[in-house]
């Protein structure tokens, strides 16, 4: 469960400051998959980073109950000179997970073959994303924060991701941000729309879709 | 309690990671960490052995150079490595539990251990060569080295915080730190410096740490002017400033 209380975040621009999150208060319900729709530049990735704690809001407070993942789907957080396995070891250690379990799971899930033992800088962006996604699945979180899952891998890999999330749907929840309604539909029961710094919440994805398209 | 346990995990993971990226994949990396200070120590020992007119009663020249060069380079290297800790690892700040402070801490520890090994190799080597193991106080030598590392780490932390605001800091500071070696009593005991100059020299906190290392290692070495509280005060003040800067930098930083 994640509670947001009057979260604001602005970025400086040439013409003044751009308020991306405008005093958002919201409680994400536990064990419920929530999609967050937003157009490009609406601040959805910022919201996800704030939820994860990667970025601090300018004002407001966040309370997290249970463990929350880093923003997944983002291939950052890897060091290019280390290989896939070494990067996995590092992440397993900082999350206090069993290193060998994490490495074993990630290797199998990511399907990188020999590349798992090659420096990450030699990866294509698709391979990086696959490694990032597999690694996040290797660690148990109460809430998974996913950024644009549609960008990750081919059709088979996406089916695999969906299955992995379904398997843990009783235990954990997924919060997905996307500009694509299809992604949200296939994962989430509830949906919110981020627009001009405000978050509009809907109990059904269809309602959210109507609102999103109208805007 | 939970928080400090997580932080320990993070620093430990960073330490293993830094060791790998710092020394590279091949074993030659470790060797380089030792070759560089070796060249320094031997060059200066040879130079002062031929041209110097110092009398160092009861002290081996190589051992004496080691006690000056190792704490100094410990300070300088720690400062330089800590300074670039954030810049080189922005990607890691993407994991919420990794703080800039942890990056600095991991680098400082690695630098300290590396220099400790170098110091032990040289001082131990000389003692073996001469066949005399007569040490005044292990503890004081170790304390001197720790304080030198502490000065480097806290100074580096400040620069690291500043470098988030301006990239000039990374470019300007390393060359500015270099000449400091001539004002740190690296090549001569503080005792041998004339009065007026000595007071000036003692304003430099590194001088105190170097003298502590010598005082602990050489029996009969008189470091009358050493005050361990002086570098400690510097460390506390710089730590306070650095931690505040780190806090501000953390808010300002764009994690992409």
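Residue numbers (the numbering used here), protein chains in the order written: chain F, 1 to 215; chain U, 1001 to 1256.
Idealized CB from N, CA, C, for every residue including glycine.
Counting along the chain, the unbroken alpha helix (DSSP H) around residue 1145 of chain U starts and ends at 1138–1163. Taking 9 Å as the upper bound on Cβ-Cβ separation, chain U lies near residues 49, 52, 53, 54, 55, 56 and 58 of the region 28–61 of chain F. Excluding five sequence positions before and after residue 1241 of chain U, the CB atoms of its chain that fall closer than 7 Å to its own CB belong to 1158, given in chain order. Put simply, of F/127, F/189 and F/81 the residue whose alpha carbon is nearest the alpha carbon of residue 121 of chain F is F/81. 1091, 1092, 1094, 1095, 1096, 1097 and 1098: these are the residues of the region 1081–1102 of chain U whose beta carbon lies less than 7 Å from some beta carbon of chain F, given in chain order. Per the C-alpha coordinates, the member of U/1109, U/1164, U/1170 and U/1225 positioned closest to residue 1191 of chain U is U/1225. Every unbroken stretch of the alpha helix (DSSP H) spanning 4 or more residues and falling wholly within the region 79–130 of chain F is given here in chain order: 84–94 and 99–110. Contact fails between the region 1055–1064 of chain U and the region 1029–1040 of chain U, because fewer than three Cβ pairs, one in each stretch, are under 8 Å apart. Apart from sequence neighbours up to five positions away, the residues of its chain that approach residue 1150 of chain U with a beta-carbon distance below 6 Å are 1235, ordered along the chain. In the DSSP assignment, residue 1119 of chain U falls within the unbroken alpha helix (DSSP H) covering 1100–1130.
By the C-beta density criterion, residue 136 of chain F is buried, having at least 16 other C-beta atoms within 10 angstroms. Residue 1119 of chain U is positioned such that its CB atom lies no closer than 8 Å to that of residue 1193 of chain U. Membership of residue 1184 of chain U in any alpha helix (DSSP H) is not indicated, and neither H nor E is assigned to it by DSSP. In this structure, the straight-line span from the alpha carbon of residue 97 of chain F to that of residue 107 of chain F is close to 16 Å. Check the Cα spacing between residue 1072 of chain U and each of U/1186, U/1233, U/1198 and U/1081: the tightest is with U/1186. At a Cβ-Cβ threshold of 8 Å, residue 191 of chain F and residue 35 of chain F count as neighbours.
Residue burial annotation: residue 9 of chain F is buried, with at least 16 other C-beta atoms found within 10 angstroms of its C-beta. Using a 10 angstroms sphere on the CB of residue 1245 of chain U, the tally of other CB atoms reaches 16 or more, which defines it as buried. Just measuring C-alpha positions, the residue of U/1101, U/1047, U/1125 and U/1051 sitting nearest residue 1081 of chain U is U/1101. Residue pairing of residue 161 of chain F in beta bridges, as defined by DSSP: absent, with no partner found. For the pair residue 1010 of chain U and residue 27 of chain F, the Cα-to-Cα distance works out to about 29 Å. In the displayed model, residue 206 of chain F falls within a helix according to three-state DSSP.
Going by C-alpha positions, residue 1008 of chain U is about 11 Å away from residue 1098 of chain U.
Distances from the CA of residue 64 of chain F to each of F/101, F/144 and F/188 were compared; the closest alpha carbon is that of F/144.
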